[in-house]
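A.B. asks: For the record, the sequence lines run as chains H and E. First residue of the first sequence: 1, per my numbering; consecutive thereafter. First residue of the second sequence: 323, per my numbering; consecutive thereafter. Pasting in a structure now, in structure tokens, and then I'll have a few things to ask.
Number of protein chains: 2
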Amino acid sequence: MIQTQIGKIILDKNSFAIVSHTSPDGDSMGSMLAVYNQLLSMGKNADVFVEEDLPMKYSFLSGFGSIKKYSISNKSYECVFVLDCGDIDRLGLCKDVLNRADVVINIDHHISNTLFGHLNLVDSNASSVGEIIYQLFKVNGYHISKEIAGCLYTSIVSDTGGFKYSNTTSITLSIVGDLINTNIDFSDIYNKIFNVKTLSQIKLMSKVTSTLELHFDNRVSILILTENMLKECNANEDDASEFINIGRDIEEVEVAILIKEKNINSCRVSLRSKKYVDVAKIASMFGGGGHIRAAGCTIEGNIDDVKESLLTILKNYFNAVI
Amino acid sequence: MIQTQIGKIILDKNSFAIVSHTSPDGDSMGSMLAVYNQLLSMGKNADVFVEEDLPMKYSFLSGFGSIKKYSISNKSYECVFVLDCGDIDRLGLCKDVLNRADVVINIDHHISNTLFGHLNLVDSNASSVGEIIYQLFKVNGYHISKEIAGCLYTSIVSDTGGFKYSNTTSITLSIVGDLINTNIDFSDIYNKIFNVKTLSQIKLMSKVTSTLELHFDNRVSILILTENMLKECNANEDDASEFINIGRDIEEVEVAILIKEKNINSCRVSLRSKKYVDVAKIASMFGGGGHIRAAGCTIEGNIDDVKESLLTILKNYFNAVI
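Okay, here's the thing in structure tokens:
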């Protein structure tokens, strides 16, 4: 089976690179460092590479301090692990390291994976790459240390949204049960990933939520984020990345909108829906796209213009569907 | 074993009452209705009682519509299940039904449980009563229907804070895995319990977070809730029950304070800490109490007076401990 083939390569080879997609998230960070820690424990040489600055919220992960920023070089590796990456273009700069590798091992859970590796361990039923790595380690008889368990827990808890997304299965939970039995402080990890906020985020949340408007019998929520708010709160756009959920989580709301002012003549719009409105369709009317329940677009005009454009479309939409 | 003894009573008896503590939470609601649905499926007569108005957020639970508000009567039951209740005084009015029962079965997970039942199934290692009820049902060979699974999932996810509290064990997760295999929409239940907010809550959150103050190098956060805010947002105190976490979740904060104005001369104060400050001690200085990490007290004075009193104490405290 493919897991034992990968196990054999790990035994045979000595120098490894580990890469993942740009803008690494909890699953990519956790699974890269799980593989890294395992290789190190077996006396192998391994480098973990990222393209850009590291997300500091994962600094508690074992091995975080050893992660390197990739720069084009002639260094070659016997084996490259590519994790949580559906196609090689999502690797950004790090794609370069694949050109000088004997073996590329592609481990992923995206259904769209292009199977670009020499070996492809792709399971779209897995909640996360962390879940696949756990099984890879178990099949090969590796001991799951507390350090590795912390990495894999981070992967799984991140990609399942704290075990609430429908990709969570009884297999996922059984794996997590095994991980927490290593005595990791999972409560602390959970808080670090989901709850810890900066002062800037709280200030910004207060300002953004104060703009809340509801329309069409509370079925549409609109929140506004201006450049001025970001300045006043010493915040950046990342600090606002979850705010659209505030509008979406209001009980009667079907469509949640977050309008971010890009400049005086242009706004970035995020759209979410709960049950019956196809927001990808709405976004596409403005040249944007996305999924049925989560989409985005850029609309020309100032905030008031953009709000009016969206409300006009939504008015027709609600009149048509209800 | 006690589970089979309880199973025998369920078989032998015909009329059951099911009660829990006042101000029922997710664990009490879920476990009461799990037992109710099981008894009904066995052709038994069962009544679920609460003392006060039902928390509507649990209205999705199977059997919710059959729950009755207790009123003193002479009706007697062969068997009363008391769930999630450490002592009988926490039953409020519903305590009365125990006086006319042949058998009282006490199922709980509080370490302080006074073992007041004829049969006491008390396991302080269980995350929730839902977890204990699951095991009771399994030992007796009951089929876990989708409806019952929804109730038990609600119990467990509530008392573990979405599987993030340290009371979550591999046993908990293995049970939850079994429950979600019944095809319940656990993602939807999770959202209903933790994420759905009312418009009043969002408006109130915006106002309360706009009062955020940080002191002592960001180690102390203070949030204010006034009577006026409640009025303006058409909200009640319950809507603000989680707001102290906003202050606590700021990364550098050790002590989070929420000051609720009761009237012009008195405030209710909630205190939380993360790692080293004993907030029960601080609360006790004002005649209040609680736990090391979560406590409360009432302080005479207007909001500014109360803030000053707390900051004076905290100043000494930080000078002493750091």
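Heads up, the beta-carbon is just placed ideally off N, CA and C, and yes, glycines get one too. Only a predicted model underlies this, so the values are computations on that prediction, with no experimental measurement involved.
In whole angstroms, what is the alpha-carbon distance linking E/L362 and E/F459?
C.D. replies: Their Cα atoms are separated by approximately 14 Å.
A.B. asks: Quick check: E/N556 and E/E583, are their CB atoms within less than 9 Å of each other?
C.D. replies: No, they are not a contact pair.
A.B. asks: Any chance the stretch 196-213 of chain H sits against the stretch 164-179 of chain H, with 3 or more Cβ pairs inside 8 Å?
C.D. replies: No, the stretch 196-213 of chain H does not touch the stretch 164-179 of chain H.
A.B. asks: When you compare only the Cα positions, how much space is there between E/N447 and H/I299?
C.D. replies: The alpha-carbon atoms of E/N447 and H/I299 are separated by roughly 55 Å.
A.B. asks: Might you give, ordered along the chain, the residues of its own chain that have their beta carbon closer than 7 Å to the beta carbon of H/I322, omitting 5 neighbours on each side?
C.D. replies: Below a pLDDT of 50, predicted positions are generally treated as unreliable, and H/I322, at 48, falls in that range; no measurement from the model is reported.
A.B. asks: Could you tell me which of H/K95, H/I9, H/I257 sits nearest to H/R272, measuring between CA atoms?
C.D. replies: Closest option to H/R272, Cα to Cα, is H/I257.
A.B. asks: Going along chain H in order, which residues have a C-beta closer than 8 Å to the C-beta of E/T520?
C.D. replies: Residues of chain H passing the Cβ test: I250, E251.
A.B. asks: Return the Cβ separation of H/L173 and E/L495 in integer angstroms, given the expectation that the two are a contact with Cβ distance under 8 Å.
C.D. replies: At roughly 4 Å, the Cβ-Cβ gap stays under 8 Å, so H/L173 and E/L495 are in contact.
A.B. asks: Hey, is H/I303's beta-carbon within less than 9 Å of any beta-carbon in chain E?
C.D. replies: No, H/I303 lies away from the interface with chain E (no Cβ there is under 9 Å from its Cβ).
A.B. asks: In the DSSP output, which residue or residues are listed as bridge partners for E/R590?
C.D. replies: E/R590 is bridged to E/K582, E/T620.
A.B. asks: Tell me whether E/N396 is buried or exposed, calling it buried when 16 or more other Cβ atoms sit within 10 Å of its Cβ.
C.D. replies: Burial call: exposed.
A.B. asks: Can you tell me whether E/Y598 is buried or exposed? The criterion is at least 16 other CB atoms within 10 Å of its CB, across all chains shown.
C.D. replies: Label assigned to E/Y598: exposed.
A.B. asks: Kindly list the residues whose CB is nearer than 8 Å to the CB of H/V323, restricted to its own chain and excluding five residues on each side of it in sequence; keep chain order.
C.D. replies: As shown, chain H starts at 1 and ends at 322. That puts residue 323 of chain H outside it, with no answer to give.
A.B. asks: Spatial neighbours of H/Y317 within its chain, please: C-beta separation below 6 Å, excluding the five flanking residues on both sides.
C.D. replies: So the list is empty, once near-sequence residues are dropped.
A.B. asks: Interface residues of chain H around E/Y512 at Cβ under 7 Å?
C.D. replies: By Cβ distance, chain H contributes K164.
A.B. asks: Is it true that the stretch 465-477 of chain E meets the stretch 143-162 of chain H, where meeting means three or more beta-carbon pairs spaced less than 8 Å apart?
C.D. replies: With a cut-off of 8 Å, the stretch 143-162 of chain H and the stretch 465-477 of chain E do not count as touching, because too few Cβ pairs lie within range.
A.B. asks: In angstroms, rounded to a whole number, what distance separates the CA positions of H/N348 and E/L333?
C.D. replies: What is shown of chain H runs 1 to 322, which leaves residue 348 of chain H out entirely.
A.B. asks: What does a CB cutoff of less than 6 Å around E/V530 pick up in its chain, not counting 5 residues either side in sequence?
C.D. replies: Within the same chain, E/V530 has close Cβ partners L545, L547, F565.
A.B. asks: Let me check understanding here. Comparing Cα to Cα, which of H/L212, H/K274, H/M229, H/R100 lies closest to E/N517?
C.D. replies: Of the listed residues, the one whose Cα sits closest to E/N517 is H/K274.
A.B. asks: Please classify E/H343: is it buried, with 16 or more other beta-carbons within 10 angstroms of its beta-carbon, or exposed?
C.D. replies: The residue in question, E/H343, is buried, as its Cβ has 16 or more Cβ neighbours within 10 Å.
A.B. asks: Can you say whether H/E308 is buried or exposed, counting buried as having 16 or more other CB atoms within 10 angstroms of its CB?
C.D. replies: It counts as exposed.
A.B. asks: I'd like to know whether the C-beta of E/I644 is nearer than 9 Å to at least one C-beta of chain H.
C.D. replies: For E/I644, the pLDDT reaches just 48, beneath the cut-off of 50, and the residue's location in the model is therefore unreliable, although a value from the coordinates is still provided. No, E/I644 lies away from the interface with chain H (no Cβ there is under 9 Å from its Cβ).
A.B. asks: Counting only beta-carbon atoms, is H/L173 nearer than 9 Å to chain E?
C.D. replies: By this cut-off, H/L173 is an interface position.
A.B. asks: Quick check: the Cα distance between H/Q135 and H/I156, rounded to an integer number of angstroms?
C.D. replies: Their backbone Cα atoms lie some 13 Å apart in a straight line.
A.B. asks: State yes or no: is the C-beta of H/D249 within less than 9 Å of the C-beta of E/N513?
C.D. replies: The answer is yes: Cβ separation under 9 Å.
A.B. asks: Can you find a CB in chain E that lies within less than 9 Å of the CB of H/D178?
C.D. replies: Yes, H/D178 lies at the interface with chain E (some Cβ there is under 9 Å from its Cβ).
A.B. asks: Identify whether H/I322 lies in helix, strand or coil by the three-state DSSP scheme.
C.D. replies: Residue placement at H/I322 cannot be trusted, given a pLDDT of 48 that sits under 50; what the coordinates show is reported in the next sentence. Looking at H/I322 - three-state DSSP - the assignment turns out to be coil, as it is neither helix nor strand.
A.B. asks: Residues of chain H with CB under 9 Å from E/M378, in chain order?
C.D. replies: Those within 9 Å of E/M378 in chain H number zero; the least Cβ separation is about 10 Å.
A.B. asks: If you compare alpha carbons, which of E/N558, E/I586, E/V628, E/V370 is closest to E/S592?
C.D. replies: Ranking E/N558, E/I586, E/V628, E/V370 by Cα distance to E/S592 puts E/V628 first.
A.B. asks: Identify every residue that forms a DSSP beta bridge with E/A368.
C.D. replies: E/A368 is bridged to E/F338.
A.B. asks: Below 6 Å CB to CB, which residues in the same chain sit around H/L179 once its five sequence neighbours on both sides are set aside?
C.D. replies: Closer than 6 Å at the Cβ level, and outside the excluded window around H/L179, lie A149, L152, Y153.
A.B. asks: For H/K315, is the classification buried or exposed, using 16 other Cβ atoms within 10 angstroms of its Cβ as the cut-off for buried?
C.D. replies: Result: exposed.
A.B. asks: With DSSP collapsed to three states, give me the class of H/A240.
C.D. replies: In this structure, H/A240 counts as helix in the three-state DSSP scheme.
A.B. asks: Report yes or no: do three or more beta-carbon pairs, one from the stretch 409-424 of chain E and one from the stretch 349-360 of chain E, lie closer than 8 Å?
C.D. replies: The stretch 409-424 of chain E, when compared against the stretch 349-360 of chain E, does not touch it at the 8 Å Cβ threshold.
A.B. asks: Enumerate in chain order the residues of its own chain whose CB-to-CB distance from H/V255 is below 6 Å, with the five nearest sequence positions on each side excluded.
C.D. replies: Taken in chain order, the residues that qualify are V220, S273, V277.
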